[in-house]
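Colleague: First, the structure itself, so that you have it in front of you.
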Amino acid sequence: MQKISTLEILLAVFKRDISLALRRQSDTLGAVFFFALVVSLFPLAIGPETKLLQQIAPGIIWVSALLAVMLSLSRLFNDDYQDGVLEQLALSICPLALIAVAKILAHWTYTGLILLCISPVLALQFNLSGIAIEVLLITLFIGTLILSFIGSIGAALTVGLKSSGALISLLVLPLLIPVLILGTLAVDAATANLPYSVYLYILLALAVLASFFAPLACAAALRIALD
Amino acid sequence: MLSTHELSCQRGRQQLWGNLNLEVAPGELLFVKGANGNGKTSLLKILAGLLLPDHGQVLWQQQAITKDPYAYRDQLLYIGHQTALKPEMNAIENLIFLAGLHGLRYSETEITAALKQWDLQGKTLYLACRQLSQGQKQRVALAQLNLSQQQVWILDEPFNSLDATGASTLAQLLQKHLEAKGILVLTSHLHERGQDMTPPLDAVEQLLQL
Chain A
6 MQKISTLEIL LAVFKRDISL ALRRQSDTLG AVFFFALVVS LFPLAIGPET KLLQQIAPGI
66 IWVSALLAVM LSLSRLFNDD YQDGVLEQLA LSICPLALIA VAKILAHWTY TGLILLCISP
126 VLALQFNLSG IAIEVLLITL FIGTLILSFI GSIGAALTVG LKSSGALISL LVLPLLIPVL
186 ILGTLAVDAA TANLPYSVYL YILLALAVLA SFFAPLACAA ALRIALD
Chain B
1316 MLSTHELSCQ RGRQQLWGNL NLEVAPGELL FVKGANGNGK TSLLKILAGL LLPDHGQVLW
1376 QQQAITKDPY AYRDQLLYIG HQTALKPEMN AIENLIFLAG LHGLRYSETE ITAALKQWDL
1436 QGKTLYLACR QLSQGQKQRV ALAQLNLSQQ QVWILDEPFN SLDATGASTL AQLLQKHLEA
1496 KGILVLTSHL HERGQDMTPP LDAVEQLLQL
């Protein structure tokens, strides 16, 4: 028997969530498939009009990413609640808010990061320029992190509810609209060869805010759910 | 010492119980009895710090547990109604994870040894927990007791779904914990059913009828 530090506890939570996600691949990949399908159906339906496709690409990719992340959120805390692990997480010697951070980062790894990896391929269908794809990736990187963090508040508030999916979207989507707007604006600007860094800075600022406050809100909501 | 000060609990508008002043010293057992719905589980959750009481305080070493929750949690092992085992993971992985939450890391041999005390060995250890029977899951969860370094054990219906050998293994463990000056809080409804599977624990026993 050895004592382990807080950081190692968090690492264990992170690893466990990743390994659980790997064991239920159909669920994990569901969100990714949804994203890939929706994004690739648009060019097929609209036809090979390069200008139009370039124009709508950022919006479509961003909206699909947003919805895909929403889809995957409902299980973030609910599974742990159902089998009683949440009680043990709440009784850990590690603060619940930090455990929430580990779980959220794991969620981002098995959704946001995968979306990020396949989006350059999907972006090719829209004939996006190299720089636009680059900016799209950067905004998606920051954006999906924000989606996971803010979305987790909705997931924590709806823990224990039977069909929480719709409610999570209702709670969280209004908060995510700025992210959506900034993300698409940045890619639009890059496509038009305009400066786009200001959007990235605002996104980064939002990410910092979300990653600080969301775990605290999560921990509070989870404690209420255990009541 | 675990104690409570004028503790009361409400569910909805109904007061379940109130003005509870308990004191459980090291080596003592608090046995909580009561009909279904009388608030046994609520009391245990409040003692564990999972629920906030409507009134009053839980004190650990004379200090409110809300004041320094981490010092208390370091000494607390709570096993609730649900086994807290992930259905996708096997017994060993589950136990390593649960111990990890308390800041303890065990090797696989230590875990296997603990599980062996509960007659769990061989292939069973590598089956996903969803494939285990209810009794086996309960045994896996209770194997946390063998590994425990904590002084306070709060167990909600630990004898549930155990067979006779399992129950006697558990009773021995509890006895050992009490002899080592541990604090034990537990509920069980087996007494009422007349099938007294709980061998008498010869310890200072406080019976609390809710």
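So the sequence lines, in the order shown, correspond to chains A and B.
Counting from 1 along the first sequence, just add 5 to a position and that's the residue number in the numbering used here.
Counting from 1 along the second sequence, just add 1315 to a position and that's the residue number in the numbering used here.
Glycine included, each C-beta is placed from N, C-alpha and C at the ideal position.
#1: Helix, strand or coil, according to DSSP, for Trp1375 of chain B in the structure here?
#2: Starting from Asp232 of chain A, find everything on chain B with Cβ-Cβ shorter than 9 Å and list it in chain order.
#3: Closer than 7 Å to a non-hydrogen atom of the ligand MG - does that hold for the CB of Leu1331 of chain B?
#4: Does DSSP put Asp1478 of chain B in a helix, a strand or coil?
#5: Only counting the same chain, and skipping five residues up and downstream in sequence, which positions put a Cβ closer than 8 Å to that of Leu1462 of chain B?
#6: So is Phe40 of chain A buried or exposed if we call it buried at 16+ other beta carbons inside 10 Å?
#7: For Gly1509 of chain B, does the three-state DSSP call read helix, strand or coil?
#8: Excluding five sequence neighbours on each side, which residues of the same chain lie with their C-beta closer than 7 Å to the C-beta of Leu129 of chain A?
#9: So, with DSSP's three-state summary, where would you put Ile1394 of chain B?
#10: So, helix, strand or coil for Ile1411 of chain B, using DSSP?
#11: According to DSSP, is Ile1498 of chain B helix, strand or coil?
#12: Report yes if the CB atom of Ala1350 of chain B is closer than 8 Å to the CB atom of Leu96 of chain A, and no otherwise.
#13: What residues of chain B sit near Gly165 of chain A, judged by a beta carbon separation below 8 Å?
#14: Excluding the 5 residues preceding and the 5 following Pro220 of chain A in the sequence, name in chain order all residues of the same chain whose CB lies nearer than 8 Å to its CB.
#15: For a contact meaning CB atoms closer than 8 Å, what does Pro1402 of chain B contact in chain A?
#16: Looking at chain A, which residues of the region 1382-1406 of chain B have a Cβ within less than 8 Å of any of its Cβ atoms?
#17: Report the rounded CA-to-CA distance for Ser1323 of chain B versus Val1347 of chain B, giving the unit in angstroms.
#18: So, using beta-carbon positions, are Leu1391 of chain B and Val1467 of chain B closer together than 8 Å?
#19: For a test of the three-state rule: what should DSSP assign to Trp1433 of chain B, helix, strand or coil?
#20: What in chain A is Cβ-close to Gly1418 of chain B, meaning under 7 Å?
#21: Opposite Gln1521 of chain B in the DSSP bridges: which residues?
#22: In chain B, what lies closer than 9 Å to Leu17 of chain A by C-beta?
Modeller: According to the structure data:
#1: For this step, residue 1375 of chain B is matched to residue 60 along the second sequence. The answer is strand: DSSP assigns Trp1375 of chain B an E or B state.
#2: In the first sequence, the residue the question calls residue 232 of chain A occupies position 227. Ordered by position in chain B, the residues that pass the 9 Å Cβ test against Asp232 of chain A are Lys1360, Leu1365, Leu1366 and Leu1367.
#3: By its list of ligands, the structure shown contains no ligand whatsoever, and the ligand MG lies outside what it can speak to.
#4: Position 163 of the second sequence, counted from the start, is the residue given in the question as residue 1478 of chain B. In this structure, Asp1478 of chain B counts as coil in the three-state DSSP scheme.
#5: As a position in the second sequence, residue 1462 of chain B is number 147, starting the count at 1. Only Leu1410, Ala1414, Leu1419, Tyr1421, Glu1425, Ile1426 and Ala1429 meet the Cβ criterion.
#6: Locating residue 40 of chain A in the first sequence gives position 35, counting from the first residue. Phe40 of chain A is buried by the Cβ-count criterion.
#7: Looking up residue 1509 of chain B in the second sequence gives position 194. Below a pLDDT of 50, predicted positions are generally treated as unreliable, and Gly1509 of chain B, at 46, falls in that range; the measurement from the model is reported next regardless. In the structure shown, Gly1509 of chain B sits in coil (DSSP, three-state: anything other than H, G, I, E or B).
#8: Residue 129 of chain A sits at position 124 when you count from the first residue of the first sequence. Hits under 7 Å: none found.
#9: Reading the second sequence from its first residue, position 79 is the one you call residue 1394 of chain B. Residue state, collapsed to three classes: strand.
#10: Working through the second sequence from its first residue, we reach residue 1411 of chain B at position 96. In the structure shown, Ile1411 of chain B sits in a helix (DSSP, three-state: H, G or I).
#11: Along the second sequence, read from residue 1 onward, the residue named residue 1498 of chain B stands at position 183. Ile1498 of chain B falls in the strand class under three-state DSSP.
#12: Position 35 of the second sequence, counted from the start, is the residue given in the question as residue 1350 of chain B. Position 91 of the first sequence, counted from the start, is the residue given in the question as residue 96 of chain A. Taking 8 Å as the Cβ cut-off, Ala1350 of chain B and Leu96 of chain A do not qualify as a contacting pair.
#13: Within the first sequence, residue 165 of chain A is the residue found at index 160, counting from 1. Near Gly165 of chain A there are no residues of chain B at all, since even the closest Cβ is about 13 Å away, more than 8 Å.
#14: Position 215 of the first sequence, counting from 1, holds the residue named residue 220 of chain A. Excluding residues within five positions, the ones whose Cβ falls inside 8 Å are Ala102, Leu103, Ala105, Val106, Ile109, Phe154 and Ser157.
#15: Residue mapping note: residue 1402 of chain B aligns to position 87 of the second sequence, counting from 1. Within chain A, the residues near Pro1402 of chain B are Asp88.
#16: Tyr1385, Arg1388, Asp1389, Leu1391, Tyr1393, Gly1395, His1396, Gln1397, Thr1398, Ala1399, Leu1400, Lys1401, Pro1402, Glu1403 and Met1404
#17: Residue 1323 of chain B sits at position 8 when you count from the first residue of the second sequence. Residue 1347 of chain B sits at position 32 when you count from the first residue of the second sequence. Rounded to whole angstroms, Ser1323 of chain B to Val1347 of chain B spans 15 Å at the Cα level.
#18: Within the second sequence, numbered from 1, the residue matching residue 1391 of chain B stands at position 76. Within the second sequence, numbered from 1, the residue matching residue 1467 of chain B stands at position 152. Yes. Within cutoff.
#19: The count along the second sequence starts at 1 and reaches residue 1433 of chain B at position 118. Coil, per DSSP.
#20: Translated into the one-based positions of the second sequence, residue 1418 of chain B becomes position 103. Correct list: Lys8, Ile9, Ile14 and Ile98.
#21: Numbered from its first residue, the second sequence carries residue 1521 of chain B at position 206. Beta-bridge pairing links Gln1521 of chain B to B:Leu1345.
#22: Within the first sequence, the letter at position 12 stands for residue 17 of chain A. Sequence inspection shows Ala at residue 17 of chain A; the Leu mentioned does not correspond to that position. Chain B residues near Ala17 of chain A: Ile1411, Phe1412, Gly1415, Leu1416 and Arg1420.
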